[in-house]
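Those letters in the sequence shown? Residues 291 to 900, by my numbering. Cβ coordinates follow ideal geometry from the N, Cα and C atoms, glycine included. What you are looking at is a predicted structure, and each value in this text was computed from that prediction instead of being measured.
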Amino acid sequence: MPWKMGQGATLALLVASCLLLNAATGAHAADPTAESDDFEDGYVEDVPEEEPATDSTDENLVYESPVIDHNKFHFADHFDDVEASRKNWVLSQAKKDDIAEEISKYDGLWNWESPQRIVWANDLGLVLKSKAKHAAIASRLREPFDFKQDKPLVVQYEVTLQEGQECGGSYLKLLSAGKETDELTNFNDKTPYTIMFGPDKCGSDVKMHFIFRHVNPINGTITEKHCNKPKNRLEEPFKDKLPHLYQLVVRPDNSFEIRVDHKIINEGSLLTDFKPPVNPPAEIDDPNDHKPESWDEREKIQDPTAQKPDDWDEDAPPQIPDPSAVKPQNWLDNEADMIFDPTAVKPDDWDSEIDGDWEAPLVDNPACEKVGCGKWKAPLIPNPNYKGKWRPPMIENPNYQGKWAPRKIPNPDFFEDLKPFQMTPIGAVGLELWSMSSDILFDNLIITDDVDVAREFAANSFDIKRRYIDRESESFVNKVVELAKAYPSVWGIGLVAIVALVVIAFYCRFGSSKSKDAAAKRSAAAAKKSDEPQPDDEPKPESEEEESDLSGERAAGDSSKESTPLSASPKNKKSDLDVNEETKAEETPEEPAQTEETTTKARKRTVRKD
């Protein structure tokens, strides 16, 4: 049976492949315009041969750790040199203040390791191993980033959500330089930062954070400014479990760009695209100004001169009986709409003491089907005199003064910061996360002031990695999909081929076994009905009778076990197993005769005693 099933599946697969190939060939042949146009004028034009295009898939992609020139980076770590990277990163030993003690510790596990989908063994990353735990780790910049240098801030890093993401973040914090960030072992959610950037998701709420903390130039208070959400939702990085590159560029002219895999998903200005805005309004509502009691905001009022007409009946019903309706002559006034079912019979197990008096169920009175029964009522029609409750008409309010608003006064806290780019200097970078997914891999984290340097770093790391993964993903299924897109008719042929494959496999698995069982049952039934001697009834030699006796004893002693098929062997030759069984039979005491019943024969026979 397994061979038949495999043969049928192979045959169906070959048929399906042939159908798909013929469909593609036929579709290509059905569009001869590309070649036939050359022969319309009766001659063939000599066209120079084009050089064959080089296939990018033949490129030998090899990863080498990007070379880090410290003069070009404020921070750079590709995490491939585990020993050197571990020396730079500091694990937080802090606790959160606003939650229970048992979950307040930053006890999430971090490790340097290869991704689950290993592309190159020497490509490592920083992995958050824990889920549902607070985790924090930080590293100091080689030199602080000072925004007064009038150079752009470029932050770039990779994230691979190896287990996907349902609720949690993979953003980073650029920690503000100062006393509060001198000891990174105390890094927690209250540690001051200058910028927070990166993806975050919980349920259907998907965010790409870009938050910067703005310092009020008048009183020194700090306010978080949140970037407006991008127009398009960012879904794929949380589902596909592939590496993705996140880049933030903030320029001295207050413009910013957010890119994912080199594509801009959000851009704007620090002055206009953040909430709350950087600069407060010049004027505010006077908190001491209140609306006068006599202020009239009603645009329209009821006409005070209108009066209800004398013939206006507010009590008239909306519907009245139809005065023109007449009761049918054969209407059955004395008949009930429902009657007891005359065909119902009290159940035999009905106990009147327990169940009460039995009554037949009610059914519709058949006498009422044609005309009607019971008390006749005229149908209702709309009341022509119905007008409802009277209300005076509305007119323009002669005393309307408009919508009241408090007067404006100069904002005492007003300031105008035209250079919000000049933020607090950055002294360290940290990851302070909580996630319901484990194995979040961070890689190739850099902070620089040159966009070209960041682009070159990505070309030597992320771009090579994604090209390799994309090339490996071009499987047979993807090629079939591309073929189907080019030739839509292939979908129908492929569907027919799949159905044929399923039918053939189902028949090979169940159809042939059922036919054999049916044939065996028919032969057994014919043997029971006929008195003619069967092949088993032929006289046997004495040695075969002894074997039959022994097999009878074995069947009697082993009747509870399922039988196993026996291999073919000469009739008069005993196997070593039979000789051993005879020896055991001589040592066992006598047992009463048993009746042997096989699975392939319905006839029974009696085995004589030893």
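Query raised in the report: Can you tell me whether H580 is buried or exposed, with buried defined as 16 or more other CB within 10 angstroms of its CB?
Result: exposed
**Report entry** Alpha carbon of K469 to alpha carbon of I548, nearest angstrom
**Finding:** 30 angstroms
**Report entry** Helix, strand or coil at Q609 [DSSP, three-state]
**Finding:** strand
Report task. Take the Cβ of Y461 as the centre, count every other Cβ of all protein chains shown within 10 Å, and call the residue buried at 16 or more, exposed below. Result -> buried
Query raised in the report: Is there contact between the region 581-591 and the region 676-696, where contact requires at least three CB pairs shorter than 8 angstroms?
Result: yes
**Report entry** Reduced DSSP category for L381 - H, G, I as helix; E, B as strand; rest coil
**Finding:** strand
Query raised in the report: Cβ of D575 within 9 angstroms of Cβ of P702?
Result: no
Requested in this report: Determine, using beta carbons only, whether L443 and D739 come nearer to each other than 9 angstroms.
Outcome: yes
Query - In DSSP terms, what E686 is bridged to - result: K590
Query raised in the report: At a cut-off of 8 angstroms, is K395 close to the ligand ADP when judged by its beta-carbon and the heavy atoms of the ligand?
Result: Of the ligands one can find in the structure shown there are none, so the ligand ADP has no counterpart to examine.
Report task. Mind listing, in chain order, the continuous beta strand (DSSP E) runs of no fewer than 3 residues lying wholly within the region 474-522? Result -> 483-492, 495-505, 512-517
Query raised in the report: Is it a yes or a no for the region 374-387 touching the region 414-434, going by three-plus beta-carbon pairs under 8 angstroms?
Result: yes
Query raised in the report: Cα separation between E722 and D479?
Result: 7 angstroms
Query raised in the report: Do L524 and I555 come within 9 angstroms of each other at the CB atom, strictly closer than that value?
Result: yes
Query - Through-space distance from G510 to V539, alpha-carbon basis - result: 26 angstroms
**Report entry** Neighbour-count burial assignment, K565, 16 or more Cβ in a 10 Å radius
**Finding:** exposed
Report task. Figure out for me which residue from N620, L464, K755 has the closest Cα to the Cα of V409. Result -> K755
Query raised in the report: Roughly how many angstroms separate the alpha carbons of D543 and G459, rounded to a whole number?
Result: 30 angstroms
Query raised in the report: Can you tell me the Cα-Cα spacing of A657 and P682, whole angstroms?
Result: 54 angstroms
**Report entry** Runs of alpha helix (DSSP H) wholly within the region 614-696 (minimum 4 residues, chain order)
**Finding:** 642-645
Requested in this report: Could you have a look at G720 and say whether DSSP puts it in helix, strand or coil?
Outcome: strand
Query raised in the report: Do you know offhand how far H364's Cα is from S394's?
Result: 32 angstroms
Query raised in the report: In chain order, what residues of the same chain have a beta carbon less than 6 angstroms from the beta carbon of Q406, not counting five sequence neighbours either side?
Result: Q452
Report task. Specify the secondary structure class of T450 as computed by DSSP and reduced to three states. Result -> strand
Query - Three-state secondary structure assigned by DSSP to T471 - result: helix
Query raised in the report: Under 9 angstroms between the Cβ atoms of D605 and I671?
Result: no
Report task. Let me know if M726 comes out buried or exposed under the rule of 16 or more other beta-carbons within 10 Å of its beta-carbon. Result -> exposed
Query raised in the report: What separation, rounded to the nearest whole angstrom, lies between the Cα atoms of P608 and W680?
Result: 14 angstroms
Query - S375, DSSP secondary structure in three states - result: helix
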